[in-house]
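Under my numbering, the very last position in the sequence shown is 357; numbers go up by exactly one each time.
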Amino acid sequence: MSDEVAATWVLLRGLTRESGHWGRFPLQMMQGLRATQGPVRVLTLDLPGNGARFREKSPTDIGEMVEDLREQLRRAGVAGPVHVLALSLGGMVAAEWAQRYPAELAAAVLASTSMKPFSPFFRRLRPTNYLTLVAMSLARFAARWRERHVLQLTSQLMCHSEEVLDDWVALHRRHPVSGRNVLRQLWAAMNYRASRARPRVPMLLLCGQGDMLVDWRCSQAVSRGWGLPLRMHTRAGHDIPLDDPDWVVRAVGDWLAKRELMNGAGTQPMELETVPLPMA
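Structure, rendered in structure tokens:
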């Protein structure tokens, strides 16, 4: 196998989260997908207002976020089509990207996402949890207290990890997201409405049945609405790549291998299948 990059993956995080919150997952993804795709390149991009771009104003429109990402890739000299793995709010951005510019995406994996018109508001954005996040962002809570609360809200299997908490506190102090940008990103998420038409990009949906931030049935609703495969983790929370990165990589690798096998046989992949992967 040549060391030439066979595929480029773009990783997108969710509301107020940055590329640093992926932790070791990008490396795990590069190693895990090598058997399926050969050497891959993984890029972690930040939306305006998050990460190193925390001083910028966050767009209040998902479409503007798409255009920003396309410009980042253009400046980096990345020629598509690219693969995308997107979490939560990032899933909305990836879905809109696929609708607007399907030729630019080779495939997309949407984890723990939700969107109109497939699910009602009280499932998409559980009001109590999001109001809590907004309140914590606007008030001057201690960084460690705030990040511990976010970790416990978004994770089921790593929620007591002091190592993860230390990393998140350091990220928060280095790149503090402003309360105004929290509200702008939340507004964008609340007002985004996806097309009912199925995207012309191969897609896989992932969700965790332990998700306390977004009802996992939102992913199920998108799966039914667009006729897409859905893989459910029985214990993971909202941040599935944090809770069980090996499971995520296996789910993606198995899906890619299945598509390649089906396409090589001259048949279409069974996109309506819903299969929970076994736990490690």
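Every residue, glycine too, gets a C-beta built ideally from N, C-alpha and C. All figures in this text were calculated on a predicted structure; none of them were measured in a lab.
- Annotation: the continuous beta strand (DSSP E) that includes residue 159 extends over 159-164.
- In the three-state reduction of the DSSP assignment, residue 90 falls in the coil class.
- Of the residues assessed, residue 101 falls on the exposed side of the cut-off, its CB having fewer than 16 other CB atoms within 10 angstroms.
- Contact between the segment 248-264 and the segment 283-300 is absent: fewer than 3 CB-CB pairs across the two stretches fall below 8 Å.
- Under the 8 Å Cβ criterion, the segment 103-114 does not count as touching the segment 171-185, having fewer than three qualifying pairs.
- Counting along the chain, residue 256 sits inside the alpha helix (DSSP H) bounded by residues 256-268.
- Taking C-beta separations shorter than 7 Å and ignoring five residues to either side along the sequence, the partners of residue 94 in its chain run 127, following chain order.
- Going by DSSP, residue 241 is part of no beta strand (DSSP E) but of the alpha helix (DSSP H) stretching over 239-251.
- Runs of the alpha helix (DSSP H) lying entirely within the segment 277-342 and spanning at least 4 residues, in chain order: 294-303, 317-320 and 322-341.
- As the crow flies, the alpha-carbon of residue 270 is around 6 Å from that of residue 192.
- In the DSSP assignment, the residues bridged to residue 121 are 88.
- Of all C-beta pairs linking the segment 108-125 to the segment 234-245, fewer than three are shorter than 8 Å, placing the two stretches out of contact.
- Along the segment 125-150, the alpha helix (DSSP H) does not occur as any fully enclosed run of 4 or more residues.
- Contact holds between the segment 160-178 and the segment 83-98, because three or more Cβ pairs, one in each stretch, are under 8 Å apart.
- Between residue 123 and residue 130, the CB-CB gap stays under 7 Å.
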